[in-house]
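J.: Quick one: this structure, given as C-alpha cells, is what I'll be asking you about.
In my numbering, the protein residues as written are 102 to 278.
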C-alpha cells in the first residue's frame, strides 16, 4: 500500500503509479502531467486525489489495493485508446507482383488508395475498385513509377506499393488531421 506521509515514499511502485497517472492525464485534462520520479510528493498526491474525486471515491489520497486496481484498469483502457490503430501489412512480400490485366485481392486496397489520392494529386484516375490490374490501375501505377524515376511498366511491385502507401499516409491519413 502506498500512503502519503511526511516521509516521502520512493521506489518503483510509486514510479509505476506516476506513469499510469501520467498516461491518464493525456485523456483527462484535470489530472496533472506527472514526471515519474519514484517520489510520492505533492503532485502525485494531488493526482491520486483528483483521480479518486472523479473515478474512485473516497478522496483520501491513499493508494490501497482497490485504488491501485482502479487506476491500473483505467490505465489499460487509456493505453488502448492512445495507442492508435494497428499497422496493416497490405503487400505480401518483396517478390510478389501483379501483372497488367491480372486479378489480385491485393489490388482492392491499392485501388482504394488510388481513389482517395486522386482527389488530392493531379494525374491519378479515380478508377473503380475491381481487383483487376485494368487500364486505369495500370495508368496509376505508371504514374507512381514515373514519380519514382523507374521504368513505367504498370506492374504492381513492392516499390510501387511502398510509394502508394507513403503517399496515402501523407496525403490521406495525415491530410485528414
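Using N, Cα and C, we set each Cβ at its ideal position, and we do this for glycine too.
Look up residue 233 in the DSSP assignment and give the residues it is bridged to.
T.: Partner(s): 204.
J.: By the three-class DSSP mapping on this structure, what secondary structure does residue 109 have?
T.: Legend: pLDDT at residue 109 = 47, less than 50; position of this residue unreliable, value from coordinates given subsequently. Three-state result, residue 109: coil.
J.: Within the same chain, show all residues whose beta-carbon is closer than 8 Å to that of residue 124, passing over the 5 residues directly before and after it, in chain order.
T.: Result list for residue 124: 176, 179, 180 and 183, in chain order.
J.: Just the C-alpha distance for residue 158 and residue 173, rounded to the nearest angstrom, thanks.
T.: Looking at the two C-alpha atoms, the distance is approximately 15 Å.
J.: Could you name the residues of the same chain whose beta carbon sits closer than 6 Å to that of residue 262, not counting the 5 residues immediately before and after it, in chain order?
T.: Taken in chain order, the residues that qualify are 192.
J.: Just tell me which of 252, 142, 230 and 217 has its CA closest to the CA of residue 116.
T.: Ranking 252, 142, 230 and 217 by Cα distance to residue 116 puts 142 first.
J.: Have a look at residue 220 and residue 244 and give me their C-alpha separation to the nearest angstrom.
T.: If you take the alpha carbons of residue 220 and residue 244, they lie about 15 Å apart.
J.: Between residue 204 and residue 233, is the Cβ-Cβ spacing less than 7 Å?
T.: Taking 7 Å as the Cβ cut-off, residue 204 and residue 233 qualify as a contacting pair.
J.: Do residue 139 and residue 112 have their C-beta atoms closer together than 7 Å?
T.: A contact, by the Cβ cut-off of 7 Å.
J.: What is the C-beta distance between residue 255 and residue 239, in whole angstroms, given that I count them as a contact (C-beta under 8 Å)?
T.: Residue 255 to residue 239, Cβ: 3 Å. Contact.
J.: Taking residue 237 and residue 226 to be in contact with their CB atoms under 8 Å, please state how far apart those CB atoms are, rounded to whole angstroms.
T.: Yes, they are in contact, since the Cβ atoms of residue 237 and residue 226 sit about 5 Å apart, within 8 Å.
J.: Name the DSSP beta bridge partners of residue 257, please?
T.: 199, per the DSSP bridge assignment.
J.: Per DSSP, what kind of secondary structure is residue 265 in: helix, strand or coil?
T.: DSSP places residue 265 in helix when its eight states are reduced to three.
J.: Check for me: the alpha helix (DSSP H) holding residue 225 runs from which residue to which?
T.: Premise fails: residue 225 is in no alpha helix (DSSP H) and is neither H nor E.
J.: Would you decide whether residue 168 is buried or exposed? Buried here means 16 or more other CB atoms lie within 10 Å of its CB.
T.: So residue 168 counts as buried.
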